[in-house]
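Residue numbers (this note's numbering), protein chains in the order written: chain A, 63 to 540; chain B, 20 to 114; chain C, 1208 to 1691.
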Amino acid sequence: MEWEVVIGLEIHAQLATCSKIFSGASTAYGAEPNTQACAVDLGLPGVLPVLNGSVVTMAAKFGLATHATVARRSVFARKNYFYPDLPKGYQISQFELPIVHDGYLDIDMEDGETRRIGITRAHLEEDAGKSLHEDFQSETGIDLNRAGTPLLEIVSEPDLRSAAEAVAYMKKIHALVRYLEICDGNMQEGSFRCDANVSIRPKGQEAFGTRAEIKNINSFRFVERAINFEIERQIEVIEGGGEVVQETRLYDAERDETRSMRSKEEANDYRYFPDPDLLPVVLEQAFIDAIEKGLPELPDAKRERFIQDYGLSRADATGLTGSRELADYFEQTVAAAGGESKLCANWVMGEVSAILNKEGMDISASPVSTALLGGMLQRISDGTISGKLAKQVFEAMWKGEGSADDIIEKKGLRQITDSGAIEKIIRDVLDANTKQVEQYRGGQEKLLGFFVGQVMKATQGKANPGEVNKLLKRMLAD
Amino acid sequence: MSLDSEAVSRIAHLARLGVEQSEYETYARNLSDILSFIEQLSSVDTQSVEPMAHPLDASQRLRADEVSETDQRDKFQRIAPRTEAGLYLVPKVID
Amino acid sequence: MFQKSIPELARGLRDGEFSSQELTQGFLDRIRRLDARLNSVITLADTAALEAAQAADARLKSGDTAALTGIPFLHKDIFCTDGVRTSCGSRMLDNFVAPYDATVTARLKAAGAVMLGKTNMDEFAMGSSNETSFYGPVKNPWDLERVPGGSSGGSAAAVAARLAPLATGTDTGGSIRQPAALCGVTGIKPTYGRVSRYGMIAFASSLDQAGPFAASAQDAAYMLETMAGFDPRDSTSIDQPVDHYAGMLDDDLAGLTIGLPKEYFGDGLDAGVGTAVEAAVEAYRKLGAQIKEISLPNTSLAVPAYYVVATAECSSNLSRMDGVRFGHRCEDPKDLEDLYVRSRGEGFGDEVKRRILVGTYALSAGYYDAYYLKAQQVRRLIRDDFVQAFKEVDIIMGPTAPGTAFKLGERCDDPVTMYLSDIYTIAVNLAGLPGMSIPAGMVDGLPVGLQLIGNYFEEGRLLNAAHRYQQVSDWHTRMPAGFE
C-alpha cells in the first residue's frame, strides 16, 4: 500500500511588542514569577482588555508579506475552557473573522521544485501563563507573566506532503517573521512554537485520513523527527488493522517518539462567541497601504535580486538571504571588497558562518566587521595573499589583531608571485626529487600534486598556486 | 426544549459547576422552562438581519505599545487563597 | 439634614453650616439605627468614610466648590473598592478585598464624595428583587414584607429611606430603574458606553451600565455628571464629552414630543400602575409636551432575547471565579476538577448557577445559531424599533414595572415569572439607550415608577424632563413611614 502524508502546521509566533496585547504589563522574558502580571492579566473581577495597536500593524505586515487579505474588519472572540494557566477561563482569540486570511508562501525543495503552500489564516490571540509541575510535590505552580503576551497564530492549509516540506515551510515562516521584525523567532524562549497536524491516506484517495495533532514542537529538527515518527506510527496502526484516533500528542525528544496527551479538555466545546468587551477592529485602506509601503525587502525578492545583481547561484542566494542581518552583512562586504560577489559569498557562507555556528554567535555580534572582511577579500582578489593563507588572516582578524593589511605585514604572509623566485624554488625541489621527476616524465602525471605540495612547503604556502602550477608544468616538460 | 438530568450534568461539567445529584431534577425543570420561554425567538423571521453584538456602532480603539503597569505581585497575592514562591498553587495537573 | 437636596447640602458645606464629617457621621448613625430593618448595607466603611470626610473638609476650606465634595453616598457592592470588600452579594467574593478601585469609584473619590459603605444586591446582579443575595434579602422601606426590586435593591432602598442622599447602581436589564420604581426614588441608566465599566464586576458586558440613585432628578444629574466620562481602560467607553446635565434641568419642555408605546399599556400591566402613569403623562401635556402613540412591535421578544445574550455573556464572565487567584476556594481540593467544581458549586447561589447553565447551553456546540445568533439578530430588530420611534418622538414614556413591589418569596419558585418583572426595561439595555425611572404615583401605599427612555446620549434631556415634572409634583418627596 502506498501512503500519502498530509500535514498542516499551526505556528504560534510571539509578537515582539514591549507590552501585552490587552494590557500595559511588560512582555520581557525571564522576570520573577507573576511580577509582570497586572490586574487585567490576572483576570481579576471587573478588569477589561484594551488592544495594543502594534499587534495590528504586525499582523498586517505578515498578511501583506504572504499575499494574504488583511481584513478591513476583524473580531475578537472568546475561546472558553478551564485550565489554571488561563486566568479568565477563556482565551481572547479570533474565530470567524481573523485579521489575515487566504495567503501563501512558496517553498523551495531540495530537488529544485517550488511548492506553493496555502496559509489559511493568521489571527491574533493572547498567550496563556505557564504551569510548573516539578517544584511542588502534589501541587502545580502557576506563573502568569506570560498570560496576555500577543501571539500571531499562523495556520497553513494541509498542503504539506512530507516532513521535509514541513521543515522548509516552518523555516521560511521563521525567516519571514524575523525579516518583518514582528517576532524574534527565539525557539528556546518559546517565541516561536509549532503544532503539526499529521494524517495519512492511500495514494490517490481524495478524502483526508484522521489526523493527530502534535503539540508544541520547538525546533526544526524536532519537527522533522516528530512528523516522521508519527507517519510511521500511523502507517503501523492502519496496516495493523486499527484506526488512527483524532487526538493531541506530545513529542518526546529524548525518546524520539510521540505520546498521547491526557486531554486537558475532553469535550473540546469552546463555545466561541464575539468578545463583548472588545469592539470590531476596523482598518482603513490608507492604514494598510502605509504599512505595505513601509515593508522591508522580503526574502524572496532579495534572493532574486542577489541572483540578478550579484550573479549568484540560487543556492548561494538562498543561503545568504536566510536572515536580513546575514544578507546585509554580505552586501556590505561586497561593497567593501569592491565587488567580487562570488568570493564574498563563499567566505560569508563558509568561514564566517562556520565560526559563528561554532561559537554560537549571531552575525550581528561578529567581531570581523564587513569593512575588515571586505578589505581582506580585496587582498585575495588582487593576489596579495592566497585563499589558503587568507584563512590565517581571517582567524587573526577574528581575534582582533587588526586589519588584513596589518596582519599580512606582521606575519609576512605576502604571496610570492615573482616567477624568478618561484623558478628558483622549483629548480631546488626538482633537484631534490629526481626519482619523482623521472616517474612524472614517465607518465605518472598525478605526481604534479606532489611537486606543488613541496613547493608550497618550501615557501610556507606563500607561493602563488597558479604561477607554481604553470611554471612546474613548463619546467617538468623540459 | 426539554432538558433532562443527564443534559444538566453535561452542561454543568462544561461550566465546571458543582450541582448536587439531588438538585439535578429541579435544575432540569427550571432550565427547560427557561429554554421553552426563549423558544419564542424562533417565531420571528431574521433571515437577512445582521446580528448585533454591541449597541453602539463603534470600532476598537488602539492603545500605544507602552509598558504602563508596575510589579504589584505582593498586593495581588495578598488576596490569593494559595501561593508559594510567587506562584499560584493548584492541585497537581498531569498532562 | 438627611432630606436636603444635593445643592442644599453643597451650600451648607460651603457656608460652614455643617462639616462633611458631621454630615457623614449623621448618615452613618442613621444607617446603624435603621438599616437592620432593611438589610441594605453589606459593608459599612465608617473609618474610611470619616477619613474621606476629613479630607473633604480640608478641600472645602480651601475653596473647593465642586458639586459633590464632602457629600456622602452608598456604593453598590459590585464596584471594586481598593482595600474594602467587594462581595457582589455572593459567597464567592465574600472574602474578596479588591486590590484596585473601579474607575467610577476613583472618579467619585477624586470629586471628594464620601463613600459610606457597600450596598446589598442580587448575587452578581442577577435578579429583580434582591432576594438572591448571600447576605439575605433587602426589604422595601415602604413595606418591609415586600421586595425593593433588584438587582440594585440595597441602593434603592437606602436612598428611599434616606440612609444616604445618593447611591450608585448598575443596570443590565432594569436593575436601576425597576428598584427605583418599586422604592419611589429616581434612578437613571445612561447610554451604554457613557460610564466606565472598568472595575464594575461584569454580569453581561454588552448590557451593563452604571448610574445613580437619588431623591430627585436634580440630585441624580450631579451624580451622573461625576460618574460619567471616557475611560481609556474600557474599550467600550465612548469618547464624547459629558454634558453639564445640571445646567440643562430647567430647559423648557415646549415642543417636546413624547411617545407612548402601545405595547407597554396592554395585558400584564396592573390597572393602578396604568392609571398613575397616565396621570403623569397628563402632567407632561400640561407642561407643553405633545403626546403620541407609537409602536415598538418587537417588545415581546426583548425578555427572551435578553435571557440568551445576558446568560451567554455572564456564563463566560464568571468563569474566572475558580478559587485560584482570589475569592472562595473549597477545602482540601483533591484534584483540579474538584477545585473548580466545588469552589464554584459552593460559591455561587442557585439563580447564578441557573443562568450560567442556560448561557453555557446557548453557546454550546449545535445551539449557537438557534440561540445566541438568533438573539443578537432579534436585538437588532428591537434596536431598530427604537430608532424608528425616535424619528417621530423625543422621549418614550411608560410604566417602569408592570406592578408595584411584590411580596418577599412570591416569585422565587418560578424564574420566568421573575424575569417578566423587567418587561418594560430590558429592551432599553438591548438597544443601549438611556433610561430613567421617577416616582409618579402610589397604589395602595406602594410607589409607582414612570420610565423615560431617550435617544443615544440624551441623558440631559431625560433629566430635564424628569426635573420639570418634579417641579409640579411631589411624589418624589414622599418618605416611607418609620423613616422620616
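Ideal placement from N, C-alpha and C gives every residue a C-beta, glycine not left out.
Nearest to A1256/C by alpha-carbon distance, out of Q1232/C, L1267/C, R1239/C, A1273/C, is Q1232/C.
Looking at the backbone, the Cα of E1258/C and that of A352/A are separated by about 54 Å. Shown in chain order are the members of the segment 192-204 of chain A whose Cβ falls below 7 Å from a Cβ of chain B: S193, L194, H195, F198, S200, E201, T202, G203, I204. For the pair T1377/C and I1285/C, the CB atoms are nearer than the 8 Å cut-off. Remark: C-beta atoms of A1608/C and Y1631/C approach each other more closely than 8 Å.
Looking at the DSSP output, R273/A shares a beta bridge with no other residue.
Between the alpha carbons of G37/B and G1573/C lies a distance of about 24 Å. An exposed status is given to F270/A, since fewer than 16 other beta-carbon atoms sit within 10 Å of its beta-carbon.
If one requires a minimum length of 3 residues, the beta strand (DSSP E) runs lying completely within the segment 1407-1486 of chain C are 1416-1421, 1464-1468, in chain order.
In this structure T1339/C touches G1556/C by the C-beta definition: roughly 6 Å separates them, less than 8 Å. Here the alpha carbons of Y372/A and I484/A stand approximately 35 Å from one another. For T1377/C, the enclosing beta strand (DSSP E) stretches over residues 1373-1378.
At least one CB atom of chain B sits nearer than 8 Å to the CB of A87/A.
By the neighbour-count definition (other C-beta atoms within 10 Å, threshold 16), D1651/C is an exposed residue. By DSSP's assignment, M171/A forms no beta bridge with any residue. Nearest to H1451/C by C-alpha distance, out of E1665/C, P1687/C, E1691/C, is E1665/C. Contact annotation: the segment 1410-1429 of chain C touches the segment 1382-1393 of chain C, with at least three C-beta pairs closer than 8 Å.
Identification of chain C residues near Y46/B by a Cβ-Cβ cut-off of 8 Å yields K1560, R1561, L1564, ordered along the chain. For M1407/C, the chain A residues whose C-beta falls within less than 8 Å of its own C-beta are G108, listed in chain order.
With respect to chain A, the C-beta atom of C1619/C has no partner C-beta closer than 8 Å. Looking only at A1320/C, E1599/C, F1303/C, the smallest Cα-Cα distance to I1465/C is reached by E1599/C. Apart from the 5 residues on each side of it in sequence, R1298/C sits with its Cβ closer than 8 Å to the Cβ of F1341, H1535, E1553, G1554, F1555, G1556 in its chain, given in chain order.
By the criterion of at least three beta-carbon pairs nearer than 8 Å, the segment 342-351 of chain A is in contact with the segment 126-139 of chain A.
In this structure, the straight-line span from the alpha carbon of D1620/C to that of N330/A is close to 34 Å. D424/A and L1640/C have their alpha carbons spaced roughly 59 Å apart. The segment 472-487 of chain A and the segment 521-536 of chain A touch, with no fewer than 3 CB-CB distances between them shorter than 8 Å.
At least 8 Å separates the beta-carbon of L451/A from that of A398/A.
Pairing V68/A with Q267/A, the inter-Cα distance amounts to about 11 Å. Annotation for D257/A: the continuous beta strand (DSSP E) segment containing it runs 254-264. Only exposed fits Q308/A, as fewer than 16 other CB atoms lie within 10 angstroms of its CB.
Taking 4 residues as the shortest admissible run, the segment 1571-1607 of chain C contains the following complete alpha helix (DSSP H) segments, listed from N- to C-terminal end: 1581-1599. Counted as a single uninterrupted DSSP element, the stretch harbouring L1670/C is not any beta strand (DSSP E) but the alpha helix (DSSP H) occupying residues 1666-1678.
Scanning Y1513/C, D1308/C, P1214/C for the CA closest to the CA of L1580/C turns up Y1513/C. Taking the Cα positions, A1612/C is about 49 Å away from G115/A.
Between L1570/C and F335/A the beta-carbon gap is near 6 Å, inside 8 Å, which marks them as a contact. If you check the CB distance, L108/B and G1400/C do not come in under 8 Å.
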